[in-house]
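Written out below as structure tokens is the structure these notes cover.
Number of protein chains: 2
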Amino acid sequence: MPQVYDQLREITTRLEKHYRGMQDFEFTIQGGKLYMLQTRNGQSTGVAQVIIALQMVEEGVITKEEAIFRVDPNRLIDLLVPRVDEKDVKPGDVLSKKGLPASPGGAAGQIVFTADEAVEKAGHRTDKNPVILVRSETTPEDIHGMEVAVAILTSRGGMTSHAAVVTRGMGKCCVAGAEDVDVNEKMREMRVKGQVFKEGDWITLDGTTGRVIKGKKKLLPPDPAMLAKLKQFMSWAEPFRKLGVRANADIPRDAIQARAFGAEGIGLCRTEHMFFEKDRIPHMQAMILTDNEKDRRAALKKLLPMQRSDFIALVEKYRRFGAKSASDLKKVMPGLLRRVEELHEFNPMLGHRGCRLGITYPEITEMQARAIFEAAVAVAKDGVKVFPEVMIPLTATLKEMANQAAIVNRIAQEVFTEKEQKVDYLVGTMIELPRAALVADEIAKESQFFSFGTNDLTQTTFGFSRDDVNKILPTYLAEGILKQDPFAVLDREGVGQLVKMATERGRKTRPDLKVGICGEHGGDPSSVEFCHQTGLNYVSCSPFRVLTARLAAAQAAATDKLRVEGGRTK
Amino acid sequence: MPQVYDQLREITTRLEKHYRGMQDFEFTIQGGKLYMLQTRNGQSTGVAQVIIALQMVEEGVITKEEAIFRVDPNRLIDLLVPRVDEKDVKPGDVLSKKGLPASPGGAAGQIVFTADEAVEKAGHRTDKNPVILVRSETTPEDIHGMEVAVAILTSRGGMTSHAAVVTRGMGKCCVAGAEDVDVNEKMREMRVKGQVFKEGDWITLDGTTGRVIKGKKKLLPPDPAMLAKLKQFMSWAEPFRKLGVRANADIPRDAIQARAFGAEGIGLCRTEHMFFEKDRIPHMQAMILTDNEKDRRAALKKLLPMQRSDFIALVEKYRRFGAKSASDLKKVMPGLLRRVEELHEFNPMLGHRGCRLGITYPEITEMQARAIFEAAVAVAKDGVKVFPEVMIPLTATLKEMANQAAIVNRIAQEVFTEKEQKVDYLVGTMIELPRAALVADEIAKESQFFSFGTNDLTQTTFGFSRDDVNKILPTYLAEGILKQDPFAVLDREGVGQLVKMATERGRKTRPDLKVGICGEHGGDPSSVEFCHQTGLNYVSCSPFRVLTARLAAAQAAATDKLRVEGGRTK
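Pasting the structure below:
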């Protein structure tokens, strides 16, 4: 296809003219069309893709409809992360260029060599005490350190290594497999280019290009000019989209970010995360450790006002930030009664949590439902339109669902009577166990919506523990046993079959059943496409994935349109 | 229905005349028919049921066909366990009659109060140093002690308590919930009837009646007269049976017992149990702990002859004991490449085991396949007809199955060439993950048989860990959320749906696909009935459950016959 190469040359010239920062490109051609541009230096793939798409439309080479396919939804994150200020980087500062750009963005921090040290040093103020966790490779045992570090550097492992996969999931900067960096965890030192770095030394990582840089470099916020371009690009894509996009948000900060990226509501609020704030822990422990109902109720009583104010804060922040009209706020507060504490169990994944806890200790469900409805009523009195969807987690049978829905509905009525104010709400369930999908027609009798918890559903369907899968996955991907990490990209053949089955069976019982997904797959383009094709109502994903989901949903819908228009499929 | 009461009176009289040992009966009437007789003293329910069935046929009250429904398959075990010799029990010896007859049989042993003490005291010679584990209640943490104890006594908990369920699964005597026994684990003492018992004191338990007896009482083997009656009874039931019944056996002792109870082959041989014999542990550890293939192969080379001789011993013992003709031996040696070692994992249930281990370390599969085929060829040369079915565990995808089947087939050909002897064999898979059931049509392309591992399939379908389920189950049963323990009785609605789906899809690809189950459900009457109805070829269960499965399978088939004959359903 010589015209492809002509096009390529033309675009390269155009690119260099319009965007000097980018050099060293890599092109990917699919179906005779130029889709992707990788750049290893200075600017990111996502930035390049958006610029090229806009440029090509402006020059009349492609239509707007075609343009929306020229950007990889996964790369939109590149436009939203902090960047290393190149003016602050002197030639001798770059210690390594051999690392993989595993998760984009720039970050500067003090080196730590273990997860425990990361926690100790960063504390709860990761912004004030930024640390970079440096390890030869990370394992699931490091997760607490990865959570508090601002960035991760590893000397081993590829783009699907533990560090790479986990940081991408967190939207956190990572340089992986920097082979010329010699990490000695025992000696607590890192050697590179003949220089020795100790715990506490400052380094800067560029996860967009894979560079390791000496010292504390200046970081720049996302380029406002690029954000304007992004906005223009998204305005072309958005009209196609049919699938709703919500965000998973447990704290106001997440709600604000979600709103900024255009989320249409909160699709998952894990109330158990709220329980782990410092001031709640003693009450939480008191509740869990007691073996009598009276003490448990006393502890729950103390947690109630805290949880209620959490919900109010979540709604208020969500509303204040970026809400244009009251109608935008319709779906802001689904409460979720999820696992509260996993205690010590042999297989915590398969243990005493979710609705099982709410059935053995109904007072926990009662308290959480009360916090949700008291908060909803309080904000409704302030004139906010609020529409809570109370989600019962981990159901496997109709009777579990009926048991918990009865409690929620009873508490709702109690609160409405007490406060002389009503709000509309739904009670539904998280479908995260194979059995729930198999008996979805039954469960839908008592459930007004389904939200697929595809993380847990993938674990149980495959019998893969997410924590342990990294022992198996590298071999499986290398041998071609699996094409993709099923925790990143929804397994359509197996897990997807259950999603489809449950959706169909659920809607047979209840034609207006609202169906969404709230696993991490909600932010993965291929999975979003599957959700669109399966007729789901919405996806819910991490806040920083909202743009990705929006574009992926638009691409899926536009593909449908192109198909209908006659064979011009992507 | 006055005739029922006439019948009842008549039978009572008859019973007392014919079987003086029984007093204190309890009758259960279902559909106007007298089905069960519980006896709380001296003789067991199963014994009573068989005697009455035979008696009623002899007196022409019911037909043989009707008689086979008069015995609860679960109670056949009562006829096969050791009994307390009543002549040895003086009136003052009985310490408690308040315990529940949780798992039948008699046992005498020295008291221990913790699982660790049980292991320490009993060692590996449980017959030489019999211990009885006494606890207020047992938990999954006690399992190692329960395995070596000859019997269990608890002061708390009912017929579905942990102790009761686990011991019934093991076929081990248990008296549960003996409220008048005061167990003080910290003080290491048990108080009952004002007497104090310390560690090392002898007691005798009667799990058939729920009695706790002082001292070491004489035990009697199963009554030969009753065994003759049982044989007669089974001869009426057996002609109906269509479902094959095999046994799960890892060691020759189990194979012998299975054969004695009429198993038609070994349906599951967990080779990993063989690995944990004392002489193998160092090699096993060497294999697991090394991180290079060469050392792993060296360790495997040492394990090969051990495993080969294990297989030979299993076949030889099975053959020598009770085999009437060579044709009886057709299916004696299915080898199973199952989890080898679970290392340390967050969720061991969902971890790096089964075929995943065989894919990451193909040399393990190679060694095990070699042991199986070398053993098969060796016994075949002795004129034994042997038919190994090599089962690949924990498959979730076609490619896993293809990968492992290729190794097994290659090794088989190598061994046949080296030894100049062939044997017929099959390569199939354990279906124990929801995904495997969902893509069974695919997996059947490379799998010549399916065996449902319904223990693991129940865990993953429900998201219940078997180890943790006892925290939830008591509440769930009490609240009616679940009608039965899904680990004891197959959940037809959920797990059963997957079994049915996989059977149908598998046979669509491969019409002659042989299908069985090898979970503990294989010995549960309701689950056996489901397997019959679903068109499975066989069930495989614990050796002591073989009779139960045989009778349950006969009842299921006879029920079909009655249905066809016109509404005379059970």
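If you're matching them up, the sequences are chains A and B in order.
If you read the first sequence in my numbering, its first letter stands for residue 1, the second for the next number, and so on.
If you read the second sequence in my numbering, its first letter stands for residue 1001, the second for the next number, and so on.
All C-beta atoms in this analysis are idealised placements derived from N, C-alpha and C, irrespective of residue type, glycine included.
How would you call residue i, buried or exposed, if buried means at least 16 neighbouring beta carbons within 10 angstroms?
i: GLN49 (chain A); result: buried
i: PRO532 (chain A); result: Inspection of the sequence shows that residue 532 (chain A) is occupied by His rather than by Pro. So HIS532 (chain A) ends up on the buried side.
i: GLN1285 (chain B); result: exposed
i: THR1417 (chain B); result: exposed
i: ILE359 (chain A); result: buried
i: GLU400 (chain A); result: buried
i: THR1063 (chain B); result: exposed
i: ALA1108 (chain B); result: buried
i: LEU473 (chain A); result: buried
i: GLU1374 (chain B); result: buried
i: THR1139 (chain B); result: exposed
i: LEU314 (chain A); result: buried
i: LYS1294 (chain B); result: exposed
i: MET187 (chain A); result: exposed
i: ALA478 (chain A); result: exposed
i: ALA225 (chain A); result: exposed
i: VAL1564 (chain B); result: exposed
Near residue i, which residues of its chain fall below 7 Å by C-beta distance, leaving aside the five closest residues on each side in sequence?
i: ALA1053 (chain B); result: ALA1067, ARG1070, VAL1071, PHE1233
i: GLY1171 (chain B); result: ILE1077, SER1542, PHE1544
i: TYR1361 (chain B); result: ARG1296
i: THR534 (chain A); result: VAL499, LYS500, THR503
i: LEU1304 (chain B); result: MET1367, ARG1370, ALA1371
i: GLU1065 (chain B); result: ALA1558
Using CA coordinates, which residue listed in the options is at the minimum distance from residue i?
i: PHE530 (chain A); options: A:VAL546, A:VAL499, A:ARG308, A:PRO511; result: A:VAL499
i: VAL528 (chain A); options: A:GLN484, A:THR559, A:LEU243, A:GLU374; result: A:LEU243
i: ALA118 (chain A); options: A:GLY145, A:ARG135, A:LEU95; result: A:GLY145
i: LYS1128 (chain B); options: B:THR1139, B:GLN1110, B:LEU1547; result: B:GLN1110
i: VAL1495 (chain B); options: B:GLY1453, B:GLY1262, B:ILE1481; result: B:GLY1453
i: LEU398 (chain A); options: A:ALA440, A:LEU303, A:VAL539; result: A:ALA440
i: SER1447 (chain B); options: B:GLU1493, B:TYR1476, B:ALA1396; result: B:ALA1396
i: ASP1206 (chain B); options: B:ALA1249, B:GLU1086, B:HIS1162; result: B:GLU1086
i: SER526 (chain A); options: A:GLU179, A:GLN497, A:LEU230, A:ALA556; result: A:ALA556
i: ARG1550 (chain B); options: B:GLY1522, B:ARG1505, B:LYS1294; result: B:GLY1522
i: GLY210 (chain A); options: A:LEU289, A:PHE197, A:ASP180, A:GLY516; result: A:ASP180
Determine whether the beta carbon atoms of residue i and residue j lie at a separation below 8 Å.
i: ILE443 (chain A); j: ALA378 (chain A); result: no
i: GLY106 (chain A); j: VAL131 (chain A); result: no
i: ASP1524 (chain B); j: VAL1489 (chain B); result: yes
i: ALA151 (chain A); j: VAL546 (chain A); result: no
i: LEU1227 (chain B); j: LEU1433 (chain B); result: no
i: GLU1185 (chain B); j: PHE1261 (chain B); result: no
i: LEU1201 (chain B); j: VAL1192 (chain B); result: Looking at the sequence itself, residue 1201 (chain B) is Asp, so the reference to Leu does not match. No, the pair does not count as a contact, with Cβ atoms beyond the cut-off.
i: TYR1318 (chain B); j: ALA1402 (chain B); result: no
i: PHE240 (chain A); j: ALA552 (chain A); result: no
Hey, quick one: how far does the alpha helix (DSSP H) through residue i stretch, first residue to last?
i: PHE1452 (chain B); result: Premise fails: PHE1452 (chain B) lies in the beta strand (DSSP E), 1449-1452, not in any alpha helix (DSSP H).
i: ASN403 (chain A); result: 398-419
i: ARG259 (chain A); result: 252-260
i: ARG1466 (chain B); result: Per DSSP, ARG1466 (chain B) belongs to no alpha helix (DSSP H) and is neither H nor E.
i: ARG168 (chain A); result: 162-170
i: PHE1197 (chain B); result: Segment 1195-1198 is the beta strand (DSSP E) holding PHE1197 (chain B); no alpha helix (DSSP H) there.
I need the boundaries of the beta strand (DSSP E) containing residue i, first residue and last residue.
i: GLU1504 (chain B); result: Segment 1495-1509 is the alpha helix (DSSP H) holding GLU1504 (chain B); no beta strand (DSSP E) there.
i: GLY1109 (chain B); result: 1106-1112
i: ARG211 (chain A); result: 211-214
i: LEU482 (chain A); result: That residue, LEU482 (chain A), is in no beta strand (DSSP E); it is neither H nor E in DSSP.
i: PRO101 (chain A); result: 100-103
Closer than 6 Å by C-beta to residue i: which residues in its own chain qualify, once you throw out the five before and the five after it? Chain order, please.
i: ASN292 (chain A); result: none
i: LYS278 (chain A); result: none
i: ALA1376 (chain B); result: VAL1386, PRO1388, VAL1423
Got a sec? Which residues, its chain only, sit under 8 Å from residue i by beta carbon, not counting five neighbours each side?
i: GLY1335 (chain B); result: At GLY1335 (chain B) the pLDDT is 37, less than 50, meaning the model places this residue with poor confidence; the figure from the coordinates comes in the next sentence. Same-chain partners within the cutoff: CYS1269, THR1271, PHE1311, GLN1368, ALA1369, ALA1371, ILE1372, PRO1388, GLU1389, VAL1390, MET1391.
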